[in-house]
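Protein sequence lines, in the order shown, are assigned to chains A and B.
Just so you know, we're using the working numbering here: the first sequence kicks off at 268 and counts up by one.
Just so you know, we're using the working numbering here: the second sequence kicks off at 278 and counts up by one.
Beta carbons: idealized from backbone N, C-alpha and C, even for Gly.
Remember, predicted model here, so these are calculated numbers, not experimental data.
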Amino acid sequence: MLRPTLNELISGMQRTIMEALMPELSSPYAQGQAMSAIGMLAHAAAALESAPAYDAAEIKDLHATFKAIKKLGDRHLPKKGGLRGALGRAIRAAAKTPQDRREMEAAMSAFAVAVALGQLDDPVARHVRGYIRRNLERSRNLLGGLIPGA
Amino acid sequence: MPHAGEHRVVGLKRISGGSSRETYAFDLEWSEDGQTRTRPLIGRRDPTGGLLKSDREREFKVIDAMHRAGLKVPEPLYLELDATVMDRPFFIMHRAAGRTGMGAFAAAEAESTRAKVTDDFVGELARLQSLDYRKYGLKSLGVPENLQAPARMQAAHWNEVYDRDRMGEHYPILDAAFAWLKANPVASDRIVVVHGDYRSGNYLYDENGIIAMLDWEMAHLGDPMEDLGWASMKFWGREELAGGLLEREAFYQLYEQKTGHPVDRKRLFFYQVLGNAKMAVICLTGIHDFVEQRTSDSVMPFLELLLPALFEDLANQLELI
Numbered sequence: 268m269l270r271p272t273l274n275e276l277i278s279g280m281q282r283t284i285m286e287a288l289m290p291e292l293s294s295p296y297a298q299g300q301a302m303s304a305i306g307m308l309a310h311a312a313a314a315l316e317s318a319p320a321y322d323a324a325e326i327k328d329l330h331a332t333f334k335a336i337k338k339l340g341d342r343h344l345p346k347k348g349g350l351r352g353a354l355g356r357a358i359r360a361a362a363k364t365p366q367d368r369r370e371m372e373a374a375m376s377a378f379a380v381a382v383a384l385g386q387l388d389d390p391v392a393r394h395v396r397g398y399i400r401r402n403l404e405r406s407r408n409l410l411g412g413l414i415p416g417a
Numbered sequence: 278m279p280h281a282g283e284h285r286v287v288g289l290k291r292i293s294g295g296s297s298r299e300t301y302a303f304d305l306e307w308s309e310d311g312q313t314r315t316r317p318l319i320g321r322r323d324p325t326g327g328l329l330k331s332d333r334e335r336e337f338k339v340i341d342a343m344h345r346a347g348l349k350v351p352e353p354l355y356l357e358l359d360a361t362v363m364d365r366p367f368f369i370m371h372r373a374a375g376r377t378g379m380g381a382f383a384a385a386e387a388e389s390t391r392a393k394v395t396d397d398f399v400g401e402l403a404r405l406q407s408l409d410y411r412k413y414g415l416k417s418l419g420v421p422e423n424l425q426a427p428a429r430m431q432a433a434h435w436n437e438v439y440d441r442d443r444m445g446e447h448y449p450i451l452d453a454a455f456a457w458l459k460a461n462p463v464a465s466d467r468i469v470v471v472h473g474d475y476r477s478g479n480y481l482y483d484e485n486g487i488i489a490m491l492d493w494e495m496a497h498l499g500d501p502m503e504d505l506g507w508a509s510m511k512f513w514g515r516e517e518l519a520g521g522l523l524e525r526e527a528f529y530q531l532y533e534q535k536t537g538h539p540v541d542r543k544r545l546f547f548y549q550v551l552g553n554a555k556m557a558v559i560c561l562t563g564i565h566d567f568v569e570q571r572t573s574d575s576v577m578p579f580l581e582l583l584l585p586a587l588f589e590d591l592a593n594q595l596e597l598i
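Here's what the structure looks like:
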């Protein structure tokens, strides 16, 4: 294994900023920026570890959701509004190697719009809401639920 | 300062806050009538990138109008649009005393301070909304052509910024929000000056209440419910206290009492949906500028961490979960 590892490099950079750079900084703004940089590196280290699993779970869930919607049949999708086309594109994107996540997310956007506008049958809307709920939970787990000043 | 001698800039330091501008604190010293005089000042310079793309002259003009109208704002002193003077346009204003905080009003403050700040916060909003924008030369902010226009224009504006800064990504909740806003427009009952970022965290205060409202760069003419909706968004405090100040329903009652106008719940809801979407888009703008290396501000990548809370609020509002 190559040493230092990425995580060891990141943690070394944090120490350099904290121990070598910070004592030399007199401006509060520069000190704030240095602290943010340390935080950014911590975020990068966490992302290095968690992001691949997050991405894989997202792609798997998008694929599973579209498969479930497809299984319900076209009669649940309005003829107008482009949802049938979006579903077809999402299914094709899921079949690609590697899977085209951006295309699947574009299709999910079309379905989320339809839910927000009350244009979807309950069974389809249930699948879309289920995906959004799980997506939010995964995002919270990955990024946390930071809000200013709370 | 007609008889002032040589001027000196003392103690110049960049300070945090107001992420849409580079902000510097300094003292101006000069001699006059044999005495050394000092004035605390703030300089705000255009950034190379950041959260907002806004116009310096417009912001200065709004603060100047508010100052003339007697609202609590820092006194604006000097505007320089010539970029050759200090690389980018900047303006100078009085440095007001007091403290500020990020987001919600600090829970650690004394109850009496909270009560005074709350009263001033709603009181200043009422004064802002009763101001005759024509009398103060603010027609140049763009008078909406009718009462339907403010909602339509704001939703369209932030949707455009979203399309510019999404970097080709799709955010299903945000796409749904903008579609909903377009499909459910509201009509205002009057046209007022809207601060555009009226919230806790954007004022200086002390134990006697608010000293100055800050950050006027998003000011425009529009619906009074826009500022009320933004100020009372869950995002700025999360708890049941609007802006960390007062329980939400009591906050609305105080607004009605101070303005003499009822809170229109349908419009309020529209502007709270717009507010969450707008804040998410502002985050995406900061991230885009960071990715494109237009800013080196190390706070920008952290904006990503704010998105889950905003998306969750939107998903609840639009019954997407």
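Establish whether the CB of residue i and some CB of chain A are separated by less than 9 Å.
i: residue 452 (chain B); result: yes
i: residue 579 (chain B); result: yes
i: residue 441 (chain B); result: no
i: residue 290 (chain B); result: yes
i: residue 585 (chain B); result: yes
i: residue 358 (chain B); result: no
i: residue 588 (chain B); result: yes
i: residue 526 (chain B); result: no
i: residue 574 (chain B); result: yes
i: residue 595 (chain B); result: yes
i: residue 414 (chain B); result: no
i: residue 369 (chain B); result: no
i: residue 275 (chain B); result: For chain B, the structure presents residues 278 to 598; residue 275 (chain B) sits outside this window and is missing.
i: residue 445 (chain B); result: yes
i: residue 523 (chain B); result: no
i: residue 487 (chain B); result: no
Among the options, which has the Cα closest to the Cα of residue i?
i: residue 307 (chain A); options: A:328, A:380, A:278; result: A:278
i: residue 446 (chain B); options: A:371, A:332, A:280; result: A:371
i: residue 551 (chain B); options: B:595, B:571, B:525; result: B:595
i: residue 472 (chain B); options: B:285, B:452, B:499, B:455; result: B:499
i: residue 384 (chain B); options: B:508, B:478, B:589; result: B:478
i: residue 539 (chain B); options: B:466, B:555, B:591, B:516; result: B:466
i: residue 293 (chain A); options: B:291, B:452, B:307, B:441; result: B:291
i: residue 481 (chain B); options: B:322, B:441, B:381; result: B:381
i: residue 312 (chain B); options: B:301, B:282, B:324, B:399; result: B:282
i: residue 302 (chain B); options: B:358, B:585, B:371, B:332; result: B:371
i: residue 438 (chain B); options: B:309, B:556, B:576, B:348; result: B:556
i: residue 300 (chain A); options: B:572, B:416, B:341; result: B:572
Would you say residue i lies against chain B (beta-carbon separation less than 9 Å)?
i: residue 393 (chain A); result: no
i: residue 390 (chain A); result: no
i: residue 339 (chain A); result: no
i: residue 325 (chain A); result: no
i: residue 417 (chain A); result: Here the model assigns residue 417 (chain A) a pLDDT of 48, short of 50, so the residue's position is not dependable, and the following value carries that caveat. Closer than 9 Å to some Cβ of chain B, the Cβ of residue 417 (chain A) qualifies, so yes.
i: residue 402 (chain A); result: yes
i: residue 278 (chain A); result: no
i: residue 399 (chain A); result: yes
i: residue 354 (chain A); result: no
i: residue 282 (chain A); result: no
i: residue 333 (chain A); result: no
i: residue 383 (chain A); result: yes
i: residue 375 (chain A); result: yes
i: residue 351 (chain A); result: no
i: residue 359 (chain A); result: no
i: residue 290 (chain A); result: no
Buried or exposed for residue i, going by 16 or more other Cβ atoms inside 10 Å?
i: residue 334 (chain B); result: exposed
i: residue 509 (chain B); result: buried
i: residue 355 (chain B); result: exposed
i: residue 318 (chain B); result: buried
Going along the chain, which residues of the segment 552-563 of chain B sit with their C-beta nearer than 7 Å to a C-beta in chain A? none
Within the chosen definition, does the segment 391-409 of chain A reach the segment 316-329 of chain A through at least 3 CB pairs nearer than 8 Å? A contact exists between the segment 391-409 of chain A and the segment 316-329 of chain A.
For the segment 375-388 of chain B and the segment 399-419 of chain B, state whether three or more C-beta atom pairs, one from each stretch, are separated by less than 8 Å. no
Would you call the segment 518-537 of chain B in contact with the segment 484-495 of chain B, where contact means no fewer than 3 C-beta pairs closer than 8 Å? Segments in contact, no.
If you pair each beta-carbon of the segment 559-572 of chain B with each one of the segment 507-521 of chain B, do three or more pairs fall below 8 Å? no
Listed in chain order, which residues of the segment 448-474 of chain B have Cβ atoms closer than 8 Å to some Cβ of chain A? 448, 449, 450, 452, 453, 454, 456, 457, 460
Okay, do the segment 354-372 of chain B and the segment 387-394 of chain B touch, 3+ Cβ pairs below 8 Å being the bar? no
Stretch-stretch touch, CB-based, cutoff 8 Å, three pairs: the segment 419-438 of chain B with the segment 492-507 of chain B: yes
Quick one: any contact between the segment 377-391 of chain A and the segment 348-361 of chain A, if contact means 3 or more CB pairs under 8 Å? yes
Taking only beta carbons into account, state which residues of the segment 307-320 of chain A come closer than 8 Å to chain B, listed in chain order. 307, 310
Three or more C-beta pairs below 8 Å linking the segment 308-317 of chain A and the segment 325-337 of chain A: no
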